[in-house]
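Let me begin by presenting the structure, written as structure tokens, before commenting on it.
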Amino acid sequence: MALVQFIANTTFASIYGALKSEKPLWETWKTQYAWTFITYFVGAVSAGCLLKASDTLGFGVVAATFPIIFFIYLTYRMYMKNVEMATTQAEQAESYAKILENQSAALRESEERFRSAFNYAPIGIALVSIDGNWLKVNRALCDILGYTEDEFLAADFQSMLFTEDLGNTLVKIHELLSGKIPTCQLEQRYIHKSGATVWAAWSVSTAGGESGHHRPNLIFQIQDITDKKLAEQQLKYEASHDALTKLPNRAFFMTRLEQAIVNSQFNQCHKVSILFIDLDRFKIVNDSLGHVFGDRLLVGIAERLRDCLRPDDLVARLGGDEFTILVEGRYEAAEVVRIAERLQEKFAEPFNLSGHEIYSSASIGILHRSEKHLSPEDMMRDADTAMYQAKRAGKACHEVFSEEMHEDVKTTLQLETDLRKAIEREELSVFYQPIYSLKSNKIQGFEALARWHHKTLGLITPDRFISLAEEIGLIDALGEQILRKACQQGQILKKNFPADSPFTMSVNLSCKQFAKMDLIETIHRILKDTGFSPHELKLEITESVFFEHREKAVGMLHRLRDLGIEINIDDFGTGYSNLSYLMQLPISTLKIDRSFISPIDAEGHNLEIVQTILTLADSLGIKVIAEGVETEAQMEQLKKLKCEGAQGYFYSKPMSFDDTNEYLNGNEKKSAVVPSSEFKDVSVLATIQ
Ligand code: C2E
Ligand code: MG
Ligand code: MG
């Protein structure tokens, strides 16, 4: 019965187990219940035997066997437990093995991924030992620095850096290794295998060494930023340099000057001086030869400026035709003056611009810094003042700034204000200087010369206010007033003029007036308003008009001639006359400048230039008037050379309108013939300068 029950029970249990583990029924039964069966069977047989034995041997003996049976039972239980534990352990080991297998596959995969990321990364990556040996480098780094992997491994990190950058790098790495900073970034130069400079942005962090067993290594990430750096440098260069001459520009100069001032404030021995250079008549070159030549001249000038400097001096182009030189350090003031002299000498040599020989000169203002110069602007202002004084002193020279110059500038400013008012109130007057015919010895007309009666300074001559009026843009108004007055008063003077001489009135026109489009219309209107005949008017212009206004001036002069007005070239010989120009122009008279007349003496010395001008004018059919005739001998010599006209203190100084009227009345009495000692006396007496 026990067997039947056991077999039935274990069969059902085995069916369940077989279905669960998907193993054959017999196999399941065998592994799970075979031993149980055997022990049950042995137990049952033993029980039967015990029963039989108790019948024959007695109960006491049988009872004595119970501990043995219990022991057998315990042994069996232990055995079963062991079997169960072994099974569980096997199952656990199996699942551990699976996990380990999965993990090592993932590790392999991530290693693979890391390797390919390292090798193919677009930025350079390197593992460097803390001794500076390259341990591993990727392809990108090989490309960036031009070395092969083997060459890298044979070299060290320091050998690829510029010596001057090494200190900074090592400090950073030290901070990193000592744990002060977790990582660091720098932009730095590296040396390419070819020797070229490679700019790189790199960041570095430590790798390994946490356990303390190994020394850490350094992982560098290096990105090539050479193009960016070059573009940056180019931008910086362009922002601080002049595109044409490649010299530093104003901004750069001012920054350096500011630094120089700070240095000299801290150190008494550190001196600072500047030379402010402005080219003379540069506009004429630009206007006559064109901007291309003007630009070439500026480049040539920049080169010569560089040649004159000491290595530490800085030359900059401020703009236009203005340059500056900064001199700083320990030096004598005389050295700065010597720089200016060297510059003037250099400028005296002609510039050869594509076959054109051009002479240039510069006015130079020198300023030595004093305690009161606290900013670059202070220094520039005073250097500019000194330069302005050099211009006024006749150009092509240098002036050292002094406090008196400051006063001069103030006076000029005051004069400027007063001139504005005088022009506004039409306070300027006209003086007249007679012009004589050398052939007939008779007066042939007057030149109208502007005068200004200043309330405190007295009578001021045009040398002091015409250029000022040009600078402040009032020359058109001034010119218009003088022309109108000359025409109005000319109408009156004409009445007292000798009847047998044709009357002419010469009026000066500034070169700047040619910039005004309606100049011809204005002249026409004045003639109409005053009723003055255009045939009696002569306009005096200087040669610079042709250079400053070229074609436009030629056109305007033709229109004036068409109105019946004659054109005189004033101060002839002092400008840049291109003689071929003269032939194209509607010029009636050349007025030889006083500088060629005053050297003429009684023996007829220094007549060559006058002679040449007369021959030239004769061949072009142009009349000639000599300016600044002061002696009888000069007059006689000019007469001999057949010069048509003369003007100068020998005849009369310029006179006020009233004096001129008186002069004419006296003159008429003398039939307007000169020179007579009596007449000369009258004219001199009548002249109030
Ligand atoms: P400019 O037109 O050549 O005038 C002749 C200048 O020489 C005058 O000076 C006259 O006083 C001076 N002069 C004449 N004879 C002699 C002489 O024998 N010896 C000496 N040492 N000087 C003599 P001023 O009146 O001072 O005029 C100077 C210049 O100012 C003029 O030279 C002319 O270029 C300019 N100017 C005068 N008035 C006007 C004007 O209304 N408009 C313009 N745009 N310029 C004017
Ligand atoms: Mg004149
Ligand atoms: Mg003149």
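The numbering of the sequence shown is our numbering, which starts it at 248 and goes up by one. Even for Gly, the Cβ is constructed at its ideal location relative to N, Cα and C.
Unbroken beta strand (DSSP E) run spanning residue i, endpoints
i, result
"residue 432", "431-438"
"residue 705", "705-707"
"residue 764", "Neither: residue 764 is in no beta strand (DSSP E) and is coded neither H nor E."
"residue 451", "444-454"
"residue 556", "It is not in any beta strand (DSSP E) - residue 556 carries neither H nor E in the DSSP assignment."
"residue 611", "609-615"
"residue 677", "676-684"
"residue 520", "518-526"
Where residue i falls, given that 16 or more other Cβ within 10 Å makes a residue buried
i, result
"residue 568", "buried"
"residue 749", "exposed"
"residue 502", "exposed"
"residue 681", "buried"
"residue 694", "buried"
"residue 539", "exposed"
"residue 252", "exposed"
"residue 318", "exposed"
"residue 653", "exposed"
"residue 255", "exposed"
"residue 719", "exposed"
"residue 634", "buried"
"residue 273", "exposed"
"residue 890", "buried"
"residue 705", "exposed"
"residue 485", "exposed"
Beta-carbon proximity check, residue i vs residue j, cutoff 8 Å
i, j, result
"residue 542", "residue 621", "no"
"residue 783", "residue 817", "no"
"residue 380", "residue 403", "yes"
"residue 872", "residue 838", "yes"
"residue 714", "residue 758", "no"
"residue 751", "residue 785", "yes"
"residue 854", "residue 894", "no"
"residue 227", "residue 437", "Missing from the structure shown is residue 227; the chain here goes from 248 to 936 and no further."
"residue 820", "residue 844", "no"
"residue 406", "residue 464", "no"
"residue 372", "residue 434", "no"
"residue 590", "residue 521", "no"
Span of the alpha helix (DSSP H) around residue i
i, result
"residue 803", "791-810"
"residue 328", "306-367"
"residue 414", "410-424"
"residue 646", "Careful: residue 646 lies outside any alpha helix (DSSP H), inside the beta strand (DSSP E) at 645-647."
"residue 441", "Residue 441 -> no alpha helix (DSSP H), and no H or E assigned at all."
"residue 251", "249-268"
"residue 725", "722-743"
"residue 816", "Taken as a continuous stretch (DSSP letters only), residue 816 belongs to no alpha helix (DSSP H), being part of the beta strand (DSSP E) at 813-819."
"residue 719", "Neither: residue 719 is in no alpha helix (DSSP H) and is coded neither H nor E."
"residue 652", "650-671"
"residue 856", "855-867"
Beta-carbon contacts of residue i that lie in its chain and below 7 Å, excluding the five residues immediately before and after
i, result
"residue 803", "761, 766, 767"
"residue 495", "487, 488, 561, 563"
"residue 743", "908, 911, 912, 915"
"residue 834", "814, 816, 869"
Same chain only: Cβ atoms within 6 Å of residue i, ignoring 5 sequence neighbours per side
i, result
"residue 394", "440"
"residue 709", "697"
"residue 725", "670, 716"
"residue 335", "none"
"residue 547", "598"
"residue 423", "431"
"residue 337", "none"
"residue 805", "833"
Cut-off 8 Å between Cβ atoms - residues of its own chain near residue i, not counting five sequence neighbours on either side
i, result
"residue 527", "607, 608, 609, 610, 638, 642, 643"
"residue 271", "265"
"residue 260", "279, 280"
Whole-number beta carbon distance between residue j and residue i, since they are thought to touch under 8 Å
i, j, result
"residue 841", "residue 892", "The Cβ separation is near 14 Å, so there is no contact."
"residue 519", "residue 575", "5 Å"
"residue 265", "residue 275", "4 Å"
"residue 829", "residue 801", "Actually they are not in contact, since the Cβ atoms of residue 829 and residue 801 sit about 11 Å apart, beyond 8 Å."
"residue 675", "residue 729", "7 Å"
"residue 449", "residue 467", "6 Å"
Neighbour flag for residue i against chain D, beta carbons, 8 Å
i, result
"residue 593", "Absent from the structure: chain D. Only one protein chain is present."
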